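Order-wise, the sequence lines are chains A and B. Going from the first sequence to this note's numbering is simple: count from 1 and add 13. Going from the second sequence to this note's numbering is simple: count from 1 and add 7. The block underneath contains the structure these notes are about, expressed in structure tokens.
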Amino acid sequence: DTAVSQTPKYLVTQMGNDKSIKCEQNLGHDTMYWYKQDSKKFLKIMFSYNNKELIINETVPNRFSPKSPDKAHLNLHINSLELGDSAVYFCASSPTTYEQYFGPGTRLTVT
Amino acid sequence: GQSLEQPSEVTAVEGAIVQINCTYQTSGFYGLSWYQQHDGGAPTFLSYNALDGLEETGRFSSFLSRSDSYGYLLLQELQMKDSASYFCAVRVNQGGKLIFGQGTELSVKP
Chain A
14 DTAVSQTPKY LVTQMGNDKS IKCEQNLGHD TMYWYKQDSK KFLKIMFSYN NKELIINETV
74 PNRFSPKSPD KAHLNLHINS LELGDSAVYF CASSPTTYEQ YFGPGTRLTV T
Chain B
8 GQSLEQPSEV TAVEGAIVQI NCTYQTSGFY GLSWYQQHDG GAPTFLSYNA LDGLEETGRF
68 SSFLSRSDSY GYLLLQELQM KDSASYFCAV RVNQGGKLIF GQGTELSVKP
């Protein structure tokens, strides 16, 4: 009965590869987010979808592309991975405009 | 620009009270949230203040002064399990965009 789940939990890949991270929530929330947390624990919003519509699109390289096939799923595809993309990526969902429920995170390591 | 300032580290002993401050400068302000994150874990929501004053939830309380662009999280009767990072986050628009502070690492000693 996991609320927000992400797969995979760990992802190790080489520079230049393309990878995807999947997120699913079973809370019935309309809004979902992607965050990046760097090695200094700084948490930065990347994207947000409300009921499959993109509502927040921060300044991230266009190698990052979110996709929301339905309101319970939000995936993140990353092309041409770079060393600087190494981080923990968190998916979150929200029933309100201020309370967000985070998934367990995906630790991405680019070598 | 948007900036949130909070102390990087705080240390306290079990049973004590600790206050983690957060000052902010943002282009919009709709409310201040607090999140807790244990090492290797996900951030979890603790509290939210949209209006001035104190909100209490069990051992945790959160305060906001919008005129001072300042808030704090107060943790009482500290327990070892409270050792974690605590983040303040400002909601900067109606859509729910959160800007996070850099986090305060709280160490609770026996």
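Cβ atoms here follow ideal geometry from the backbone N, Cα and C, with glycine treated the same way. Given the structure is predicted, the values throughout are model-derived calculations rather than measurements.
Contact criterion: CB-CB distance below 7 Å. Does residue i meet it with respect to chain B?
i                      : result
residue 107 of chain A : yes
residue 111 of chain A : yes
residue 41 of chain A  : no
residue 117 of chain A : yes
residue 34 of chain A  : no
residue 137 of chain A : Within the shown structure, residues of chain A are numbered from 14 to 124, placing residue 137 of chain A beyond reach of any answer.
residue 56 of chain A  : yes
Are the Cβ atoms of residue i and residue j separated by less than 7 Å?
i                      : j                      : result
residue 17 of chain A  : residue 122 of chain A : no
residue 90 of chain B  : residue 114 of chain B : yes
residue 61 of chain B  : residue 52 of chain B  : no
residue 27 of chain A  : residue 124 of chain A : yes
residue 90 of chain A  : residue 81 of chain A  : no
residue 39 of chain B  : residue 99 of chain B  : no
residue 36 of chain A  : residue 87 of chain A  : yes
residue 57 of chain A  : residue 110 of chain B : no
residue 94 of chain B  : residue 42 of chain B  : yes
residue 84 of chain A  : residue 31 of chain A  : no
residue 35 of chain B  : residue 107 of chain A : no
residue 108 of chain B : residue 44 of chain B  : no
residue 34 of chain A  : residue 114 of chain A : no
Taking only beta-carbon positions, decide if residue i is within less than 7 Å of chain A.
i                      : result
residue 107 of chain B : yes
residue 88 of chain B  : no
residue 35 of chain B  : no
residue 14 of chain B  : no
residue 76 of chain B  : no
residue 52 of chain B  : yes
residue 55 of chain B  : yes
residue 60 of chain B  : no
residue 69 of chain B  : no
residue 49 of chain B  : yes
residue 66 of chain B  : no
residue 110 of chain B : yes
residue 98 of chain B  : yes
residue 10 of chain B  : no
residue 114 of chain B : no
residue 40 of chain B  : yes
residue 22 of chain B  : no
Using DSSP bridges, identify the partner residues of residue i.
i                      : result
residue 12 of chain B  : B:30
residue 19 of chain B  : B:115
residue 107 of chain B : B:96
residue 24 of chain B  : Answer by DSSP bridge pairing: none, since residue 24 of chain B is not bridged.
residue 56 of chain B  : B:39
residue 26 of chain A  : A:123
residue 51 of chain B  : B:43
residue 19 of chain A  : A:36
Please name the residue, chosen from the options, that lies closest to residue i on a Cα-to-Cα basis.
i                      : options                     : result
residue 117 of chain B : B:106, B:22 and B:55        : B:22
residue 80 of chain B  : B:34, B:66, B:74 and B:86   : B:66
residue 92 of chain A  : A:68, A:52, A:55 and A:29   : A:29
residue 22 of chain A  : B:41, B:49, B:24 and B:35   : B:49
residue 28 of chain B  : B:76, B:87, B:102 and B:101 : B:76
residue 85 of chain B  : B:13, B:32 and B:24         : B:24
residue 65 of chain A  : A:100, A:45 and A:75        : A:45
residue 106 of chain B : B:63, B:33, B:88 and B:74   : B:33
residue 109 of chain A : B:26, B:57 and B:87         : B:57
Please tell me whether, using a cut-off of 6 Å, the distance from the CB of residue i to the nearest non-hydrogen atom of the ligand ADP is below it.
i                      : result
residue 107 of chain B : Judged by which ligands are present, the structure shown has none, so any question about the ligand ADP falls away.
> In the segment 38-123 of chain A, which residue ranges form an unbroken beta strand (DSSP E) of at least 3 residues, counting only runs that do not cross its ends?
Replying inline: Here the runs fully enclosed are 44-50, 56-63, 66-70, 77-83, 86-91, 100-107 and 119-123.
>> Threshold first: 3 residues or longer. Then list the beta strand (DSSP E) segments lying entirely within the segment 63-97 of chain B, N to C.
In response: Complete beta strand (DSSP E) runs here, min 3: 67-72 and 77-82.
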